[in-house]
Amino acid sequence: MSTTTATSDAAKEFTVTIVGGGIGGLALAVGLLRRKVPVQIYEAASAFSEIGLGLSIGPAAHRAMPLIDPQIREIYDALVTTHADSPGYEEYRQTWFEIVWASGGQEGEVLTNLKALPSGQTTLRRAQFLDALVGLIPTEIVHFGKRLDHYLETDRGAQLVFDDGSSVQADVVVGCDGIKSRVKESMLPEKSGHTQPRYSGMYCYRAVLDMETMVEAVGDHRARVSTIYIGDGAYGISYPIMRAHKVNVGIYVLSEGWDHETWVKPVTKEIMRQDTNNMGRYVRSLIEHMPDASQWALFDNPPISTFCRSHVAILGDAAHASTPHQGAGAGQAIEDAHVLAELLSDDRVRTSRDVIAAFQAYDEVRRPRTQEVVSSSKTGADLLCLCLDGVGNDAEKLREAFQSRFRWLWDLDIPEQAERARRMMYSHLEALVER
Ligand SMILES: Cc1cc2nc3c(=O)[nH]c(=O)nc-3n(C[C@H](O)[C@H](O)[C@H](O)COP(=O)(O)OP(=O)(O)OC[C@H]3O[C@@H](n4cnc5c(N)ncnc54)[C@H](O)[C@@H]3O)c2cc1C
């Protein structure tokens, strides 16, 4: 972590307390610190950490990064793997994924080369990205080993109560505490099961393989070009990370119901084989080469009525955890962080009371988009498993659906989104003054 002192701006009469230091919480912290908004971070773990698996970021979040802080984009671009990292594959520079049939008569053939302009596929190892973000955070603003249990609304903001029995008074809180968010639980007016994460009807197998193993499994081209294998009832995904020395692999299986308490369950290789026995050679070979036999259940968040209440808001998976079928969850947390950093640092937001207007505008702008991401990601699973209504396994309709369904996600005008939120915030601020 950085040892520089957290900057503070005399103009701000509040400190933003962030609960949870994942990609969302850290992106927000970096954006606020750059804009001289005082920040404190409370993290449950004893250190910042991420799993070692891969992450793919879409073009809109990529464009949001430098607007949060140019250093985030520099870090990302320095760590990122593209198709150009594999000599001979430069022509795939703008490819996001090649979509390949995993089952049926055309098994192994390419359906379409899906491009993501201008960045193409950009991937990295999550843990590396998080570690680099940590380097931008001053040590003295971070409090580890602080797992929030709940918070209580107070006249001055919120009292955060941790599971070690300690508590702290905060002016303003942003819950970035992931899909099982405790901030969300305390915040929502609807205290019912409808707000709990729900099983999405799919689980997956995940691994990071060495490039040599991957080439052995599926050949050089399929190993080096990011690939989605679309199949009947299951699909696979692979993309190079770590300058194409490693490959992130996931095999996703449709399966009704998840009756285990934990979200990750060890299974035998035989079960993995049974799950993919109607897939063709590529997916079956990947299964044989994957070392870890664990099923990871995929949950997402049902739509909730608000992302904020009074001096508290939620961001990233805490607000809108999505299934991974569009590779957009972390990207949405980054987009959230951009809008919130812009609003909270605005000169007209001076007191914690003003923050209420900022949170309202953030909710109005970010909730519709992020909830759309959650629902379109879920239907994305049906598309990839060849069972989307009206599309099925029709090659022409599949091509059309792949080309069109990412446009709205990737083409967002990022600065305009923040400016729209700012205008909304100004009108809420005016309404506050009139009260
Ligand atoms: C299989 C899979 C593949 C994915 N692939 C992609 C992809 O390719 N691209 C993409 O954009 N997204 C992807 N995602 C989604 C992405 O991983 C998440 O959207 C993203 O990590 C969310 O970041 P976050 O900071 O909001 O939450 P998290 O990463 O969950 O961070 C939450 C933080 O809060 C802390 N915390 C939790 N509870 C508490 C508490 N009570 N008190 C204090 N601290 C707490 C945690 O320790 C953690 O540090 C994928 C998800 C899955 C499941």
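Taking numbering that gives the first Met the number 0 as reference, the numbering of the sequence shown is continuous, increasing by one, and the terminal residue is 434. Glycine residues also receive a C-beta, built at the ideal position from the N, C-alpha and C atoms.
Near residue i, which residues of its chain fall below 6 Å by C-beta distance, leaving aside the five closest residues on each side in sequence?
{"i": "HIS244", "result": "MET210"}
{"i": "ASP381", "result": "LEU387"}
{"i": "GLY144", "result": "SER45"}
{"i": "ASP291", "result": "ALA206"}
{"i": "LYS264", "result": "GLN294"}
{"i": "GLY249", "result": "CYS203, ARG205 and ILE236"}
{"i": "ASN112", "result": "THR94 and GLU97"}
{"i": "LEU151", "result": "GLN158"}
{"i": "SER225", "result": "PHE96, GLN120 and TYR238"}
{"i": "VAL18", "result": "TYR41, LEU147, GLY174, ASP176 and VAL182"}
Residue i lies in the alpha helix (DSSP H); which residues open and close that run?
{"i": "GLN494", "result": "This structure gives no information on residue 494, because the portion of the chain shown stretches from 0 to 434."}
{"i": "GLY30", "result": "22-33"}
{"i": "LYS285", "result": "Position check: residue 285 holds Leu in this sequence, whereas Lys was assumed. Its alpha helix (DSSP H) spans residues 280-288."}
{"i": "SER185", "result": "181-186"}
{"i": "ALA442", "result": "Since the displayed the chain opens at 0 and closes at 434, residue 442 lies outside it and no answer follows."}
{"i": "ASP219", "result": "219-223"}
Which first and last residues belong to the beta strand (DSSP E) in which residue i is found?
{"i": "HIS149", "result": "147-153"}
{"i": "ARG205", "result": "197-209"}
{"i": "ARG422", "result": "Per DSSP, ARG422 belongs to no beta strand (DSSP E); it is in the alpha helix (DSSP H), 413-433."}
{"i": "ASP120", "result": "The identity of residue 120 in the sequence shown is Gln, whereas the question assumes Asp. Run containing GLN120: none; DSSP gives neither H nor E here."}
{"i": "PHE143", "result": "Premise fails: PHE143 is in no beta strand (DSSP E) and is neither H nor E."}
{"i": "ASP299", "result": "293-299"}
{"i": "PRO265", "result": "263-265"}
{"i": "THR16", "result": "15-18"}
{"i": "SER304", "result": "Segment: none, SER304 is in no beta strand (DSSP E) and carries neither H nor E."}
{"i": "VAL160", "result": "156-161"}
{"i": "GLY174", "result": "171-174"}
{"i": "ILE136", "result": "Note, ILE136: premise wrong, no beta strand (DSSP E); not H, not E."}
{"i": "VAL311", "result": "311-313"}
Near residue i, which residues of its chain fall below 7 Å by C-beta distance, leaving aside the five closest residues on each side in sequence?
{"i": "LYS377", "result": "SER199, ASP299 and THR322"}
{"i": "ALA101", "result": "TYR228, ILE229, GLY230, TYR234, GLY235, MET278, GLY279, TYR281 and VAL282"}
{"i": "ARG146", "result": "ALA43, PHE161 and ASP162"}
{"i": "ASP148", "result": "VAL160, PHE161, ASP162 and ARG181"}
{"i": "HIS324", "result": "SER376, GLY379, ALA380 and LEU383"}
{"i": "SER118", "result": "PRO58 and HIS61"}
{"i": "ILE303", "result": "LEU187 and THR194"}
{"i": "SER7", "result": "In this prediction, SER7 scores a pLDDT of 44, lower than 50, which makes its location untrustworthy; the coordinate-derived value is nonetheless stated afterwards. Taken in chain order, the residues that qualify are LYS35 and PRO37."}
Give me the Cβ distance between residue i and residue j, rounded to the nearest whole Å; I'm assuming they're in contact under 8 Å.
{"i": "ARG223", "j": "SER85", "result": "4 Å"}
{"i": "ALA491", "j": "MET424", "result": "Given that the chain is displayed from residue 0 to residue 434, the structure contains no residue 491 and the question cannot be resolved."}
{"i": "VAL252", "j": "TYR202", "result": "6 Å"}
{"i": "HIS142", "j": "ILE40", "result": "7 Å"}
{"i": "ARG422", "j": "GLU341", "result": "Contact doesn't hold; Cβ gap of about 12 Å is too wide."}
{"i": "ALA507", "j": "ALA26", "result": "Missing from the structure shown is residue 507; the chain here goes from 0 to 434 and no further."}
Leaving out the 5 sequence neighbours to the left and right, which residues in its chain are closer than 8 Å to residue i when beta-carbon positions are compared?
{"i": "GLY107", "result": "VAL99, TRP100, GLY279, ARG280 and TYR281"}
{"i": "ALA400", "result": "LEU382, LEU387 and VAL390"}
{"i": "GLY23", "result": "CYS175, LEU314, GLY315, ASP316, ALA317, ALA329, ALA332, ILE333, ASP335 and ALA336"}
{"i": "LEU408", "result": "GLY57, ALA59, GLN325, ALA327, VAL372 and SER375"}
Just checking: is the beta-carbon of residue i within a distance shorter than 8 Å of some beta-carbon in chain C?
{"i": "LEU151", "result": "Of the chains in the structure shown, none is chain C; there is only one protein chain."}
Does at least one heavy atom of ligand 3 sit under 7 Å from the Cβ of residue i?
{"i": "SER304", "result": "Of the ligands one can find in the structure shown, namely ligand 1, none is ligand 3."}
Checklist entry - What are the complete beta strand (DSSP E) segments, minimum 3 residues, inside the region 38-113? => result Runs found: 38-41, 53-55 and 94-100.
Item to check | Uninterrupted alpha helix (DSSP H) stretches inside the region 326-411 (no shorter than 4 residues) | outcome: Entirely contained in the region 326-411, the alpha helix (DSSP H) runs reaching 4 residues are, in chain order, 328-343, 351-383, 394-404 and 406-409.
Next on the checklist: Three or more C-beta pairs under 8 Å: does that hold for the region 266-286 against the region 80-92?
Outcome noted: Short answer: they don't touch.
Checklist entry - Are the region 304-323 and the region 169-181 touching, with three or more C-beta to C-beta distances below 8 Å? => result A contact between stretches requires three or more CB pairs, one per stretch, nearer than 8 Å, and the region 304-323 meets this requirement with the region 169-181.
Checklist entry - Does the region 247-264 come close enough to the region 128-144 that 3 or more CB-CB pairs lie under 8 Å? => result With a cut-off of 8 Å on Cβ pairs, the region 128-144 is not in contact with the region 247-264, counting fewer than three such pairs.
Checklist entry - Below 8 Å, can you find three or more Cβ-Cβ pairs linking the region 50-70 to the region 358-365? => result Here the region 50-70 makes no contact with the region 358-365; the two share fewer than three CB pairs at distances below 8 Å.
Checklist entry - Where are the alpha helix (DSSP H) runs, 4 residues long or more, that stay fully inside the region 221-261, in chain order? => result Entirely contained in the region 221-261, not one alpha helix (DSSP H) run reaches 4 residues.
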